[in-house]
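Participant: Protein chains in written order, with numbering that gives the first Met the number 0: chain A, 0 to 929; chain B, 0 to 119.
We put the beta carbon where it would ideally sit given N, CA and C, even for glycine.
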Amino acid sequence: MVDQINTAKNSAPVSSSSQLPSIDLASPIADSANRAPKPNRVSGFRRTSLRTKATAIALAIGTLPVLGIGAISYYFADKAVKEQIVTMQQSSAVGLSDKLNRFMLDRYGDVQVLARLPVLNNAKLKEVISVEEKQAVLTQVVDTYNIYESVAVMDLDGNPILQSKGEKLPNQRDKAYFQAVFRGDSPYIERNVASSLEKDAAVYIAAPVRDSVTGKTIAIVRTVIPLQRLEDVIQDFQTYGRDYDVADSTGKLFLATNKKHLGEEGRSRFPGLDRLQSNRAIDSFVTVDPTSNAEALVSYAPPMNLEGLPSLDWEVMLASDTATAFAPQRGLAVTLAVGTWLTTLLVGAIAAAIARRATRPVLEATEAVEKLGQGALTTRIKVVGDDELASLGFNINQMAEQLQNLLQRQSDHAMRTQLLSNIIVNVRKSLNFDDILQTSVSEVREFLKVDRVVIYRFHDDWLSGTITAESVVPGWVKALGKIVDDPLALGDVDRYRTGQVWAVEDVQNADLTLCHCEILERLEVKANIVAPILRNQELIGLICAHQCANTRKWTPEEIDFFTQLATQIGFALDQASLLEQANESRQQAEDLSEERRQQKEDLQFQLLNLLGEVEGAVHGDLTVRADVTAGEIGTVADFFNSIVESLRQIVTQVKQAATQVNDALGSDEQSVRTLSEQATQQAEETTRTLNSVEAMVRSIQAVSDSALQAADVARTASETAAEGGMAMDLTVHNILSLRETIGETAKKVKRLGESSQQISRVVSLINQIALQTNLLAINAGIEAARAGEESQGFAVVAEEVGELAARSAAATREIEQIVATIQRETSEVVDAMEAGTTQVVEGTRLVGNAKQSLEQILAVSLQIDDLVRSISDATVSQVETSQAVTSLMQDVVEVAGRTSNSSLQVSRSLRQTVEVARELQFSVETFKVN
Amino acid sequence: MRTVLVVEDTPSEMELLSHYLRESGYAVINAISAKEALNKAIELKPDVIVTDVVMPGMSGFELCRSLKKHPETEKVPIIICTSKGQEIDRLWGMRQGADVYITKPFTREQLVRAVRSVGG
């Protein structure tokens with residue numbers, strides 16, 4: 000609702016505004032209409048009508064608790080029923096288990112009673128009673144109990160001794176019960192029944208039979224209970240659609256309502272059973288039967304221990320279809336739901352009716368406000384009663400009325416603002432001070448519909464002022480240009496400075512000073528309004544609107560308008576004065592710039608003069624002089640003068656220096672040339688000396704060579720002499736040995752002569768012997784002959800000996816001759832030898848002489864050698880010295896050459912310098928210095 | 000009595016300067032151009048030289064330079080008395096060898112104080 004009021008406030012008036020044609024009325028209505036669907040953006044609940052909401056809330060308040068209570072009670076009832084059902088089934092399961100175990104306990108007791116029957120364990124009795132009688136006892140037991148299939152007694156080898164009526168049993172030694180009792184020597188009850196289901200659906204119970212006297216086991220008694228009997232025991236538990244299942248200690252089922260599950264694992268029959276088995280506690284759970292796919296509630300009873308019965312480990316499961324089991328629970332739910340809904344409907348209907356009734360006035364108010372919002376401000380609400388709703392209606396009516404008034408005022412205000420802005424635009428169009436004032440007075444008179452509007456400018460003393468602008472309705476007194484003496488109190492000035500407006504409705508009745516009153520009367524003023532005009536925060540005058548025809552009551556709007564206008568006039572004046580200032584400063588700037596231009600031109604003129612004066616310096620005229628004027632350039636001109644002076648001085652110095660250099664260079668050049676020639680000459684002479692030295696060196700070299708050769712010759716001679724000496728020694732030696740040989744030979748020849756003498760003696764002897772022999776031979780012949788013819792042979796021998804003696808005598812003679820010859824020759828040889836010896840001695844002496852001569856020669860040649868060698872050495876050192884001399888001379892030559900070259904270069908440089916100096920002189924000549 | 004050489008081409012100015020100086024007890028030598036002043040300075044050896052700057056032919060600045068270059072006059076103190084009153088003119092004048100730089104119009108006190116300050 001608040002939103003709708005705001006909308007109405009923001010938009011323009013709707014009705015009763017026909018007197019304001021300038022304002023478009025259609026658009027705000029359209030706008031308002033367009034705004035109506037704005038709540039589309041809010042949530043669905045806020046969009047629905049109040050009636051719907053109230054009904055909905057009433058319904059909710061009425062029905063929700065009923066529904067809640069219904070739901071809660073259902074929840075608890077359901078829980079209790081469910082628990083009851085489960086508990087009942089669990090107790091059934093426990094009951095079943097208990098019943099089964101107790102039945103088995105009885106049977107366990109039975110077999111032990113049988114084992115203690117005297118007919119079986121009393122040895123005496125056994126022998127007395129026949130087998131038939133014993134068997135009859137057993138048969139009787141079977142028949143009486145109507146539980147057992149058979150009862151039998153076996154010896155310790157397993158052979159049946161006794162048995163109830165029936166088929167003859169085979170040896171029982173391999174049976175499990177037999178082995179168990181035989182080994183354990185204690186009663187046995189079969190626990191794993193399911194494993195032997197296929198063979199015989201029965202439970203075996205056995206016990207040892209002990210001799211009543213010795214206590215020794217003498218046999219084993221056994222009973223067999225068909226499973227059918229067990230089923231008979233527990234079949235009561237099939238009621239209420241429950242199925243029982245009993246598993247043995249291996250977990251396999253051996254009793255079941257549905258026979259096809261026999262032998263199955265209990266946990267596969269009921270998925271989830273294993274959790275309960277491990278807990279070993281009575282519990283229930285809901286599972287899905289895998290065979291029928293029906294949901295079942297399963298209760299589990301763990302194995303039970305009974306005193307006197309070994310633990311059988313039989314587990315009992317009792318299952319019932321949930322549909323059947325929880326049927327009572329469903330019935331409860333349906334009942335509760337139906338009851339709850341019926342209650343809810345009833346409560347809802349009542350609540351809705353109440354809500355409708357309560358919201359009707361609010362809806363009516365809403366409708367009215369909506370119309371107001373759309374602009375129908377004439378809409379009113381019928382107010383009945385005195386409650387809050389009635390007060391709301393009344394307030395809405397009042398609000399609509401205020402809105403109407405407000406809109407009226409706003410439109411007036413807007414129009415005034417428009418006019419004011421128009422006037423301001425007109426006033427501001429001009430930037431001229433007087434124009435502004437003139438425009439202002441006309442516009443104000445037009446707007447306020449007064450008879451006269453004037454601008455009153457204060458004089459500086461605040462005591463009087465002039466009417467500087469006026470707009471007056473023709474027929475009334477004109478005040479323009481009039482000087483008014485209306486002294487202004489200090490308080491008035493301050494009051495005006497704050498911009499306060501002073502309105503007088505009726506001049507006659509107002510409390511005015513006499514002076515002021517007179518002025519107004521002169522101008523036929525009945526009512527007036529005065530506002531100050533401020534320029535740059537300074538009070539400069541007043542704007543006064545005069546009503547001359549009649550008195551006038553100034554409305555606050557008019558006063559406000561007048562105030563604003565006065566302020567705007569002030570602003571316009573500010574602007575105008577600002578512009579004036581700007582113009583002034585521009586003029587100043589222009590003047591300044593003109594002055595600067597003039598200065599610049601002046602400066603340029605001075606500069607041109609200066610340039611003209613010093614131009615000659617560019618071409619080398621250093622006699623120029625710039626005039627030092629009184630202007631700014633004067634000093635600069637003197638600066639030039641100073642430079643030119645310095646230059647003049649420098650150039651003068653340079654000129655002198657160049658001339659001096661030229662003169663000095665002329666003499667220098669001659670000296671250098673002479674020096675150069677002398678150096679050349681020296682070099683040549685040195686070269687000649689060098690040649691001579693070289694020749695000398697060559698001669699010395701030759702001498703040295705010759706000396707070396709002489710030394711060689713001397714050495715050869717010396718060697719030869721030494722060799723000759725040795726040869727002579729050898730000769731002397733040979734001669735001496737020859738002399739000895741000759742001496743020896745002479746001795747031997749002498750001895751040969753002596754020997755030949757001995758030979759001569761021997762020969763003489765032999766000759767004698769031969770003679771004697773001959774004589775003997777003659778004697779032998781004589782004797783042979785005397786001896787007669789028998790001695791003839793002897794005679795012949797004697798003859799032959801005689802002959803031999805004759806030949807020996809002949810040979811001896813020859814020998815004598817030979818020896819004589821030898822002797823002669825020997826003596827000749829001795830003589831010759833003696834002569835030879837003499838000659839040899841002579842030779843020896845000669846050779847000794849010769850040797851001495853040779854030794855002398857050797858000594859001399861050695862001396863020669865020494866001499867020659869020293870000569871050679873001397874020449875070598877001489878050669879070296881002369882070589883050093885040569886190299887020195889060469890150096891001298893080189894130096895001389897260089898000196899010559901350098902002096903030539905110096906000469907050339909000097910010549911160039913001369914040229915440069917000449918050029919310099921020439922250049923400097925171009926400067927004019929005096 | 001101290002001698003002051005006054006160099007000034009304007010007769011009225013010359014008259015004024017001479018008058019002030021004579022009244023203050025100085026002997027005054029006049030020269031109406033810088034050239035004349037140079038010769039008189041060498042010849043007569045004044046104690047102080049007071050010169051104008053703006054003169055036909057040789058200027059006061061040049062006169063300063065010439066005086067400072069000449070061994071006979073290099074020690075003589077120089078006072079420049081001119082209408083060129085800008086700072087650059089003063090600076091330049093002092094650079095050229097002036098000891099004091101006073102600008103026209105001047106008072107008697109200014110002139111006499113200047114002459115005294117350089118030992119005249």
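Determine which residues share a DSSP beta bridge with G464 of chain A and list them.
Facilitator: Start at 1 with the first residue of the first sequence, and residue 464 of chain A comes out as number 465. Paired residues: A:F457 and A:V483.
Participant: For the beta strand (DSSP E) that T378 of chain A lies in, which residues bound it at each end?
Facilitator: Working through the first sequence from its first residue, we reach residue 378 of chain A at position 379. First-last for T378 of chain A: undefined, no H or E at that position.
Participant: Can you tell me whether DSSP reads W91 of chain B as helix, strand or coil?
Facilitator: Your numbering for residue 91 of chain B matches position 92 in the second sequence. Reduced to three states, the DSSP call for W91 of chain B is helix.
Participant: Buried or exposed for N292 of chain A, going by 16 or more other Cβ atoms inside 10 Å?
Facilitator: For this step, residue 292 of chain A is matched to residue 293 along the first sequence. Label assigned to N292 of chain A: exposed.
Participant: Where does Q373 of chain A land, buried or exposed, given buried means 16+ other C-beta within 10 angstroms?
Facilitator: Locating residue 373 of chain A in the first sequence gives position 374, where the first residue counts as 1. It is buried - the Cβ of Q373 of chain A has at least 16 other Cβ atoms within 10 Å.
Participant: With DSSP as the reference, label D142 of chain A as helix, strand or coil.
Facilitator: For the purposes of this step, residue 142 of chain A is taken as residue 143 along the first sequence, with counting starting at 1. DSSP places D142 of chain A in helix when its eight states are reduced to three.
Participant: Pull up the CB-CB distance for I940 of chain A and S429 of chain A, whole angstroms please, since I reckon it's below 8 Å.
Facilitator: This structure cannot speak to residue 940 of chain A, because chain A is shown only from 0 to 929.
Participant: In angstroms with no decimal places, state the Cα-to-Cα distance between G633 of chain A and T9 of chain B.
Facilitator: For this step, residue 633 of chain A is matched to residue 634 along the first sequence. For this step, residue 9 of chain B is matched to residue 10 along the second sequence. Roughly 18 Å separates the two Cα atoms.
Participant: Taking 9 Å as the CB-CB cut-off, is F105 of chain B touching chain A?
Facilitator: As a working note, residue 105 of chain B is residue 106 in the second sequence. Judged by the 9 Å Cβ criterion, F105 of chain B is not in contact with chain A.
Participant: Buried or exposed: where does A354 of chain A fall if 16 or more other Cβ atoms within 10 Å of its Cβ makes it buried?
Facilitator: Here residue 354 of chain A corresponds to residue number 355 of the first sequence, with the count starting at 1. Burial call: buried.
Participant: Which word fits Y938 of chain A, buried or exposed, when buried means at least 16 other C-beta atoms lie within 10 angstroms of its C-beta?
Facilitator: This structure leaves residue 938 of chain A out entirely; chain A is present only between 0 and 929.
Participant: From the beta carbon of D626 of chain A, is the nearest beta carbon of chain B less than 9 Å away?
Facilitator: In the first sequence, counting from the first residue as 1, residue 626 of chain A sits at position 627. Cβ-Cβ to chain B under 9 Å: yes for D626 of chain A.
Participant: Name the chain A residues that come within less than 7 Å of S11 of chain B, Cβ to Cβ?
Facilitator: Numbered from 1 along the second sequence, position 12 holds the residue referred to as residue 11 of chain B. Correct list: empty, because the minimum Cβ distance to chain A is about 16 Å.
Participant: With distances taken from CA atoms, which of A:Q546, A:V426 and A:A544 is nearest F570 of chain A?
Facilitator: Looking up residue 570 of chain A in the first sequence gives position 571. The shortest C-alpha separation from F570 of chain A is found at A:V426.
Participant: Beta-carbon within less than 7 Å of P36 of chain A's beta-carbon, same chain only, minus the 5 sequence neighbours each way: which residues are those?
Facilitator: Walking along the first sequence from the start, residue 36 of chain A turns up at place 37. Confidence in P36 of chain A is poor, its pLDDT being 45 and thus under 50, which makes the residue's placement unreliable; the coordinate value appears in the next sentence. Once the five neighbours on either side are set aside, P36 of chain A has no close Cβ partner at all.
Participant: Report the option in A:A70, A:L296 and A:E166 whose CA atom is closest to the CA atom of Q83 of chain A.
Facilitator: The residue given as residue 83 of chain A occupies position 84 in the first sequence. Answer by Cα proximity: A:L296.
Participant: In this structure, does DSSP put S470 of chain A in helix, strand or coil?
Facilitator: To locate residue 470 of chain A, count along the first sequence from 1; it is residue 471. In the structure shown, S470 of chain A sits in a strand (DSSP, three-state: E or B).
Participant: Does the region 843-857 of chain A come into contact with the region 787-795 of chain A, if we say contact requires no fewer than three beta-carbon pairs (one atom in each stretch) closer than 8 Å?
Facilitator: As far as the Cβ criterion goes, the region 843-857 of chain A does not touch the region 787-795 of chain A, which means the pair count is below three.
Participant: Run the CB neighbour count on A895 of chain A, radius 10 Å, all protein chains shown included, and call it buried at 16 or more, exposed below.
Facilitator: Along the first sequence, one-based indexing puts residue 895 of chain A at 896. So A895 of chain A counts as buried.
Participant: Starting from the C-beta of D2 of chain A, find all residues in its chain whose C-beta is less than 7 Å away, skip the five residues before and the five after it, and write them out in chain order.
Facilitator: One-based indexing of the first sequence puts residue 2 of chain A at position 3. For D2 of chain A, the predicted structure reports a pLDDT of 42, less than 50, and the residue's modelled location is therefore unreliable. The matter cannot be settled from this model.
Participant: What three-state label does DSSP hand Y73 of chain A in the structure shown?
Facilitator: Against the first sequence, residue 73 of chain A aligns to sequence position 74. DSSP places Y73 of chain A in helix when its eight states are reduced to three.
Participant: Taking Cβ-Cβ distances below 7 Å as the criterion, which residues of the region 428-461 of chain A are in contact with chain B?
Facilitator: From the region 428-461 of chain A, no residue has a Cβ closer than 7 Å to chain B.
Participant: Establish whether the CB of A468 of chain A and some CB of chain B are separated by less than 9 Å.
Facilitator: Taking the first sequence and counting its residues from 1, one reaches residue 468 of chain A at position 469. No, A468 of chain A does not count as interfacial toward chain B.
Participant: Tell me whether L621 of chain A is buried or exposed, calling it buried when 16 or more other Cβ atoms sit within 10 Å of its Cβ.
Facilitator: Position 622 of the first sequence, counted from the first residue, corresponds to residue 621 of chain A. L621 of chain A is buried by the Cβ-count criterion.
Participant: Just the Cα atoms here: how many angstroms apart are T628 of chain A and E924 of chain A?
Facilitator: Residue mapping note: residue 628 of chain A aligns to position 629 of the first sequence, counting from 1. Residue mapping note: residue 924 of chain A aligns to position 925 of the first sequence, counting from 1. Approximately 32 Å between the Cα atoms of the pair.
Participant: Taking only the alpha-carbon atoms, compute the straight-line gap between S31 of chain A and E369 of chain A and give it to the nearest angstrom.
Facilitator: Along the first sequence, read from residue 1 onward, the residue named residue 31 of chain A stands at position 32. Along the first sequence, read from residue 1 onward, the residue named residue 369 of chain A stands at position 370. Any reading at S31 of chain A must be qualified, since the residue scores a pLDDT of 42, below 50, and its modelled position is unreliable; the value itself is stated next. Cα to Cα, the separation comes out at about 10 Å.
Participant: Looking at C-beta atoms only, is the number of pairs between the region 44-57 of chain B and the region 21-32 of chain B that lie closer than 8 Å three or more?
Facilitator: Cβ pair count under 8 Å is three or more, so yes.
Participant: Kindly indicate the opening and closing residues of the beta strand (DSSP E) around W501 of chain A.
Facilitator: Against the first sequence, residue 501 of chain A aligns to sequence position 502. Residues W501 to V503.
Participant: Are the region 548-558 of chain A and the region 498-505 of chain A touching by the rule of at least three beta carbon pairs closer than 8 Å?
Facilitator: They touch, by the three-pair rule.
Participant: For W91 of chain B, which residues of its own chain have a beta-carbon under 8 Å away from its beta-carbon, when the five flanking residues on both sides are left out?
Facilitator: Looking up residue 91 of chain B in the second sequence gives position 92. The answer, listed in chain order, is F60.
Participant: Got a sec: is the Cβ-Cβ distance from M54 of chain B to anything in chain A below 9 Å?
Facilitator: Looking up residue 54 of chain B in the second sequence gives position 55. Yes, because at least one Cβ of chain A sits closer than 9 Å to the Cβ of M54 of chain B.
Participant: Kindly indicate the opening and closing residues of the beta strand (DSSP E) around Q536 of chain A.
Facilitator: Taking the first sequence and counting its residues from 1, the one referred to as residue 536 of chain A is at position 537. No beta strand (DSSP E) holds Q536 of chain A; DSSP gives it neither H nor E.
Participant: Name the DSSP bridge partner or partners of N527 of chain A?
Facilitator: Here residue 527 of chain A corresponds to residue number 528 of the first sequence, with the count starting at 1. Answer is A:V503 and A:H545, bridged to N527 of chain A.
Participant: Drop a sphere of 10 angstroms on the beta-carbon of C80 of chain B, count the other beta-carbons inside from all chains shown, and report buried for 16 or more, exposed for fewer.
Facilitator: Residue mapping note: residue 80 of chain B aligns to position 81 of the second sequence, counting from 1. Burial call: buried.
Participant: Quick check: T365 of chain A and V65 of chain A, are their CB atoms within less than 9 Å of each other?
Facilitator: As a position in the first sequence, residue 365 of chain A is number 366, starting the count at 1. As a position in the first sequence, residue 65 of chain A is number 66, starting the count at 1. No; because the gap between Cβ atoms is not below 9 Å, this pair is not in contact.
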